[in-house]
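With full-length UniProt numbering applied, the sequence shown covers 1 to 218.
Heads up, the beta-carbon is just placed ideally off N, CA and C, and yes, glycines get one too.
The structure displayed is predicted, hence computed values, not measured ones.
Just below is one structure, and these are the notes that go with it.
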Amino acid sequence: ADVNTVCFADETGHLIYSGSDDNLCKVWDRRCFKPNGKPAGFLTGHLEGITFIDSRGDGRHFISNGKDQTIKLWDIRKMTAHASCIAKSRNYEWDYRWMDYPTEARKLRHPCDQSLATYKGHSVLRTLIRCYFSPAYSTGQKYIYTGSNDGCVYIYDLVSGDQVARLDHHSSTVRDCSWHPFYPMLASCSWDGVLARCEFSGDGEKVRLKRRRRRYES
Numbered sequence: 001a002d003v004n005t006v007c008f009a010d011e012t013g014h015l016i017y018s019g020s021d022d023n024l025c026k027v028w029d030r031r032c033f034k035p036n037g038k039p040a041g042f043l044t045g046h047l048e049g050i051t052f053i054d055s056r057g058d059g060r061h062f063i064s065n066g067k068d069q070t071i072k073l074w075d076i077r078k079m080t081a082h083a084s085c086i087a088k089s090r091n092y093e094w095d096y097r098w099m100d101y102p103t104e105a106r107k108l109r110h111p112c113d114q115s116l117a118t119y120k121g122h123s124v125l126r127t128l129i130r131c132y133f134s135p136a137y138s139t140g141q142k143y144i145y146t147g148s149n150d151g152c153v154y155i156y157d158l159v160s161g162d163q164v165a166r167l168d169h170h171s172s173t174v175r176d177c178s179w180h181p182f183y184p185m186l187a188s189c190s191w192d193g194v195l196a197r198c199e200f201s202g203d204g205e206k207v208r209l210k211r212r213r214r215r216y217e218s
C-alpha cells in the first residue's frame, strides 16, 4: 500500500510512525528493526487510507488524518503485534480524489478501533490534508487543528472532541496550515492561490467565523 506520511515520535529518534492506504498506523522501532521489515506494532481504527500523522512529541501519542473524514488520537501502548482485525470490505465504489464521501459510509465503525478519540467535522477530500497538535508553549497542546476540502481550518478540543472554531478564509481546499509557536495566529494555504493569516485566541468559545486576516496572493 502507498505510504502517505511518516514522522519521528520524539527527539530521541528511536520510534517512527507511518500511515498508509491500507488504513493502518504503524510504529517502527529503529533499535530493533526486524529482518523481514515488519513494524513493531499496528494501530487499527481508520476505515480508509491515512493522509497525515503528527506526533505529540512525548513518544506515546500521535494523531492521524484519514480519508474516512476523521482525525484519530492514538496511544502506542495500545498497539498490537499483528493487524489481525480488519474491517469489512466496503460495498461501494469511492475515490477521494474526485468523489464526495458516501453518506452510508459515515455511519460505519471499525470493529476493533484502538484509538483514544475521534474528531469529525472537516472534509478530507481531493488531496492529502494535514492535521497537527497546537503548540505546547502557547496552548499546552490542548487543541488539534486541520485543513479541510471546504476551504476552512477546523480546530478541535483535544479532550472533549468539540469543534471550537472554524476559520473560513478560503474559497477552495485547504491542504496545510500552521499555528505560530508563540502567538495566537494561524497561517493557511489553499488551492485558491491564497496564503491567509488569521487569529485565534484559544478562549474555548464555540465556532466564530469573523476573524481578522491578511491575504497573500501568489
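Could you pull the DSSP bridge partners for residue i from this structure?
i: VAL3; result: SER20
i: LYS120; result: THR70
i: THR173; result: None; THR173 has no bridge partner.
i: SER64; result: ILE53, LYS72
i: TRP179; result: LEU186
i: VAL153; result: LEU167
i: GLY41; result: VAL27
i: CYS131; result: THR146
Would you call residue i buried or exposed, if buried means 16 or more other Cβ atoms sit within 10 Å of its Cβ?
i: LYS206; result: Caution applies to LYS206, whose pLDDT of 40 falls short of 50 and renders its modelled position unreliable; the value that the coordinates give is listed next. Exposed is the call here.
i: ARG130; result: buried
i: ASP10; result: exposed
i: SER64; result: buried
i: THR103; result: exposed
i: PHE182; result: exposed
i: SER190; result: buried
i: CYS32; result: exposed
i: GLY121; result: buried
i: residue 267; result: The structure shown has nothing for residue 267, since the chain only spans 1 to 218.
i: ALA1; result: exposed
Can you tell me which of the three DSSP states residue i falls into?
i: CYS137; result: Looking at the sequence itself, residue 137 is Tyr, so the reference to Cys does not match. Helix at TYR137.
i: THR80; result: strand
i: CYS32; result: helix
i: GLU199; result: strand
i: THR103; result: helix
i: TYR92; result: coil
i: LYS142; result: coil
i: CYS85; result: coil
i: VAL159; result: coil
i: CYS15; result: According to the sequence shown, residue 15 is Leu rather than Cys. If DSSP states are grouped into helix, strand and coil, LEU15 belongs with the strands.
Whose CA, out of the options, lies closest to the CA of residue i?
i: residue 260; options: GLU104, GLN114, SER123; result: Lying before the first or after the last residue shown, residue 260 is absent from the chain, which here runs from 1 to 218.
i: SER201; options: LYS72, GLY151, PRO135; result: PRO135
i: CYS198; options: ALA187, ASP192, TRP191; result: ALA187
i: ASP176; options: VAL3, ALA165, TYR154, TYR17; result: TYR154
i: ASN23; options: ILE76, ALA40, ASP10, VAL3; result: VAL3
i: GLY41; options: ALA83, THR70, GLY49, ARG31; result: ALA83
i: residue 225; options: LEU167, SER148, ARG166, ASP54; result: Residue 225 falls outside the range modelled here, since the chain spans only 1 to 218, and no answer is possible.
i: SER55; options: CYS32, THR12, CYS85; result: THR12
i: SER115; options: LYS142, GLY37, LEU73, ARG90; result: LEU73
i: THR80; options: TYR156, ARG90, ARG60, VAL27; result: VAL27
i: ASP75; options: SER20, ASP113, ALA105; result: ASP113
i: SER171; options: GLY151, ALA165, HIS180; result: GLY151
i: CYS7; options: LYS34, LEU47, GLU48, HIS61; result: HIS61
i: LEU128; options: ASP168, TYR96, VAL164, SER18; result: TYR96
i: PRO39; options: ILE53, ASP21, HIS46, LEU15; result: LEU15
i: ALA117; options: TRP179, ALA105, GLY57, THR44; result: THR44
i: PRO184; options: SER160, TYR137, ASP157; result: TYR137
i: LEU158; options: VAL174, PHE133, SER178; result: PHE133
i: GLY140; options: GLY57, GLU93, ALA165; result: GLY57
Does any heavy atom of the ligand SAH sit closer than 7 angstroms to the C-beta of residue i?
i: ALA117; result: Ligands in the displayed structure: none, and consequently the ligand SAH is not present.
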